[in-house]
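See below for the structure under consideration.
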Amino acid sequence: MMSTTVALELKNVSKTYSTGVVALKGINLEVKQGDFFALLGPNGAGKSTTIGIVATLTQATAGTVKIFGYDIEKQSTLAKLHLGVVPQEFNFNIFETVLDVVTNQAGFYGIPRKTAQKNAEYYLHQLGLWEKRFDIGRTLSGGMKRRLMIARSLVHHPKLLILDEPTAGVDIELRRQMWDFLKEMNKSGVTIILTTHYLEEAEQLCRNVAIIDKGNLIANTSIKKLLSQTKEETLVIDLESALKTIPKMTGFHVQQVDETCIEVTYQQGTRLNHLFEHFNQHGLHITSMRHKTNRLEELFLQLIRQQEQ
Ligand code: ADP
């Protein structure tokens, strides 16, 4: 049965820092229970500020935030009980053991020590840190520290998990493992919200997405719909030898950058086989190839242009 419970609700949330920086300009957002939600946006957009406010690490200048219906200010104990947060900065006690970092956190929620130890063991296993349980936090690698932060955020079994750039600085293999872990968590019923710079990450994991730019919400839709908005793609292709005539192909627009470099633009979804067949037929050898712009950047530019119109 589809649930319509709202896991997170932001109403007219604004934030002006004491420095005068206006980080959020009246954000309205609803994330349903069970969702896997991405908060995307360029650097400085206001993502961390939003998370900081939900986690009550930062106070909003105006607006209200509810977690499973509980106001984070008026019913903070209940709100916090349902929430796990993994901030970007490592903020655990680096002199404690891995096991202590996780079990001690449970104390904040009034969880009995026995239960805390059981939960800690479960999540440390899940996150591949059980072998490291007696190591001091300081000695862990960056990826392990990140996983420790995740284990700690889960010790009270929150129904909503928010992660700020969970895979920043994490190598590719570990990133995949973390994705699998988060997917499993979501399958088991945990609502997940993450911020990311990587469109690929949002694409892999999330069903719905909001985009923040300069403190404003500029999109709030499903990942599917968002991705279908990028209509054109451009490949930058380097050739082995100088090009004499520009190849003509229906469905592809070719532009010469220099003697051995061209840009090919086409509608997203176009089969590229024709392109390569054509190159083969004309004896054009490709030495390297890349997307001209990052798709996320392209999307931002498109959305920002739409906003300005
Ligand atoms: P993001 O997470 O999307 O990169 P942030 O929420 O960190 O964006 O930042 C939004 C804006 O608020 C930026 O202009 C940033 O410089 C500013 N900002 C963030 N934290 C603080 C702070 N503690 N004091 C003053 N300004 C801040």
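The numbers in the sequence shown follow our numbering, run straight up by one, and end at 309. Ideal Cβ positions, reconstructed from N, Cα and C, are used throughout, including at glycine.
Exposure of residue i, with buried meaning 16 or more beta-carbon neighbours within 10 Å
i: K15; result: buried
i: V22; result: exposed
i: T191; result: buried
i: F108; result: exposed
i: R138; result: exposed
i: A242; result: exposed
i: L316; result: In the structure as shown, the chain starts at 1 and stops at 309, and residue 316 therefore has no counterpart that could be examined.
i: V257; result: exposed
i: G110; result: exposed
i: M289; result: exposed
i: A62; result: exposed
i: P158; result: buried
i: T196; result: buried
Alpha-carbon spacing of residue i relative to residue j, whole angstroms
i: R176; j: K183; result: 10 Å
i: V264; j: K132; result: 50 Å
i: V65; j: L199; result: 26 Å
i: A38; j: R207; result: 8 Å
i: A188; j: A106; result: A small fix is needed here, since residue 188 is Ser in this sequence, not Ala. The alpha-carbon atoms of S188 and A106 are separated by roughly 21 Å.
i: N119; j: M185; result: 14 Å
i: A55; j: K80; result: 8 Å
i: E277; j: G20; result: 57 Å
i: Q88; j: L78; result: 24 Å
i: G142; j: W130; result: 16 Å
Helix, strand or coil at residue i [DSSP, three-state]
i: Q88; result: coil
i: L83; result: strand
i: F300; result: helix
i: G41; result: coil
i: A55; result: coil
i: G128; result: coil
i: Y123; result: helix
i: Q75; result: coil
i: T115; result: helix
i: Q306; result: helix
i: K47; result: helix
For residue i, the first and last residue of its enclosing beta strand (DSSP E)
i: Q267; result: 261-267
i: S222; result: 216-222
i: G63; result: 62-67
i: E232; result: 232-239
i: H291; result: 286-291
i: I172; result: Premise fails: I172 lies in the alpha helix (DSSP H), 172-187, not in any beta strand (DSSP E).
i: I162; result: 160-164
i: F10; result: It should be pointed out that residue 10 corresponds to Leu in this sequence rather than to Phe. Note, L10: beta strand (DSSP E), 6-16.
i: D258; result: 253-258
Start and end residues, alpha helix (DSSP H) containing residue i
i: D100; result: 98-107
i: K145; result: 142-154
i: Q204; result: 199-205
i: E277; result: 273-281
Distance cut-off 6 Å: residue i Cβ against heavy atoms of ligand 3
i: T19; result: Because ligand 3 does not appear in the structure shown, any question about it cannot be addressed here, the ligands present being ligand 1.
- Message: Under 8 Å: do the segment 148-168 and the segment 79-88 share three or more Cβ pairs, one atom per stretch?
- Response: yes
- Query: Just checking, does the segment 140-148 make contact with the segment 92-101 on the three C-beta pairs under 8 Å criterion?
  - Reply: yes
- Message: Below 8 Å, how does it come out for the segment 212-226 and the segment 35-51: are there three or more Cβ pairs, yes or no?
- Response: yes
- Looking at C-beta atoms only, is the number of pairs between the segment 226-241 and the segment 270-286 that lie closer than 8 Å three or more? yes
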